[in-house]
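In what follows, a structure is listed as structure tokens, so that the remarks can point back to it.
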Amino acid sequence: MARMSRAWLVKSEPDAYSYDDLERDGRTMWDGVRNYQARNFMRDEMRVGDAVLFYHSNIAAPAVVGVARVASEPYPDPTQFEAGDPHFDPKASEDAPRWVVVDLEPMRRLPEPVALERLKEDPEVEGLALVRRGNRLSVMPVSHAHYRHVLRLGGLDPDAP
DNA sequence: GCCAACGTTGGC
DNA sequence: GCCAACGTTGGC
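Take the first sequence: its position 74, counted from the start at 1, is 74 in our numbering, and no numbers get skipped.
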């Protein structure tokens, strides 16, 4: 039996890379993740076809703004090998890569962005890592129930293709 | 292995 | 711009 697809949330500062940018590019390499917990989720659990909530962070009104799709298996993050790159890691080598990426593709923009402020007062999303105090993870798992709820809040039918 | 200092994230 | 909450680093 095929693996059940999973749902995730990724954060991005829109000044650095926004959902608009993802739609413009059509596909992007999700590079620069330098946190072990986030890395482990990507490396060990993210697979092609998984759904991804795309969240804009570090702005006046942080919000989930769209849905993306994991478009590749995890593979070594090339920026870790590039001296001079902001994400260069001198302790990583081609033989022993430390960091991974996946490719992401845009799926649907949410007709109504779902603000963090909105989620924080919603008992339906209790347990969602995003609304836990002090959470700084940039890649986190989202339950199917929470994923579907966020889509509905954003004005999408979770059962529509 | 402890823990203080430091750096980063990200909401506000 | 502030600062709380973390994660990492490095001296010991």
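The C-beta atom is built at its ideal place from N, Cα and C for all residues, glycine as well.
With distances taken from CA atoms, which of Glu112, Asp31 and Pro62 is nearest arginine 98?
As a position in the first sequence, residue 98 is number 98, starting the count at 1. Of Glu112, Asp31 and Pro62, the residue nearest in Cα terms is Asp31.
Using the three-state DSSP reduction, which class does methionine 46 fall into: helix, strand or coil?
Counting from 1 along the first sequence, the entry for residue 46 is found at position 46. DSSP places methionine 46 in coil when its eight states are reduced to three.
Distance, Cα to Cα, alanine 145 vs leucine 119?
Sequence index remark: in the first sequence, residue 145 carries index 145 (1-based). Sequence index remark: in the first sequence, residue 119 carries index 119 (1-based). When rounded, the distance between both Cα atoms is 14 Å.
For the region 68-75 against the region 42-60, do three or more pairs of beta-carbon atoms, one drawn from each stretch, fall closer than 8 Å, so that the two count as touching?
Verdict: yes, contact present.
Per DSSP, what kind of secondary structure is tyrosine 19 in: helix, strand or coil?
Taking the first sequence and counting its residues from 1, one reaches residue 19 at position 19. Note: tyrosine 19 maps to helix in three-state DSSP.
Based on Cα-Cα distance, which residue from Pro90, Leu153 and Pro113 lies nearest to proline 62?
Translated into positions along the first sequence, residue 62 becomes position 62. Checking every option, the nearest Cα to that of proline 62 belongs to Pro113.
Rounded to the nearest angstrom, how far is the Cβ of valine 150 from that of leucine 53, given a contact under 8 Å?
Counting from 1 along the first sequence, the entry for residue 150 is found at position 150. Counting from 1 along the first sequence, the entry for residue 53 is found at position 53. About 6 Å separates the two Cβ atoms, so the contact holds.
Threshold first: 3 residues or longer. Then list the beta strand (DSSP E) segments lying entirely within the region 32-111, N to C.
Complete beta strand (DSSP E) runs here, min 3: 51-56 and 63-70.
First and last residue of the alpha helix (DSSP H) that includes leucine 119?
Here residue 119 refers to the residue found at position 119 when the first sequence is read from its first residue. Unbroken alpha helix (DSSP H) run through leucine 119: 116-120.
Pick helix, strand or coil for leucine 128, following the three-state DSSP scheme.
Against the first sequence, residue 128 aligns to sequence position 128. Here leucine 128 sits in coil by DSSP.
Suppose contacts are defined by Cβ-Cβ distances below 9 Å. Is arginine 6 in contact with proline 141 by that definition?
For the purposes of this step, residue 6 is taken as residue 6 along the first sequence, with counting starting at 1. For the purposes of this step, residue 141 is taken as residue 141 along the first sequence, with counting starting at 1. Yes, Cβ-Cβ distance for arginine 6 and proline 141 is below 9 Å.
Could you tell me how far apart the beta carbons of alanine 38 and leucine 156 are, in whole angstroms, since I believe they sit closer than 8 Å?
Residue 38 sits at position 38 when you count from the first residue of the first sequence. Residue 156 sits at position 156 when you count from the first residue of the first sequence. Not quite, the Cβ-Cβ distance comes to about 26 Å (not below 8 Å), so this is no contact.
If I follow the unbroken beta strand (DSSP E) through leucine 162, where does it start and stop?
Past the edges of the chain, shown from 1 to 161, lies residue 162, and the structure says nothing about it.
Whose C-alpha, out of Ala83, Arg152, Trp8 and Ala92, is nearest the C-alpha of phenylalanine 41?
For the purposes of this step, residue 41 is taken as the residue at position 41 of the first sequence. Selected option, being the one with the closest Cα: Trp8.
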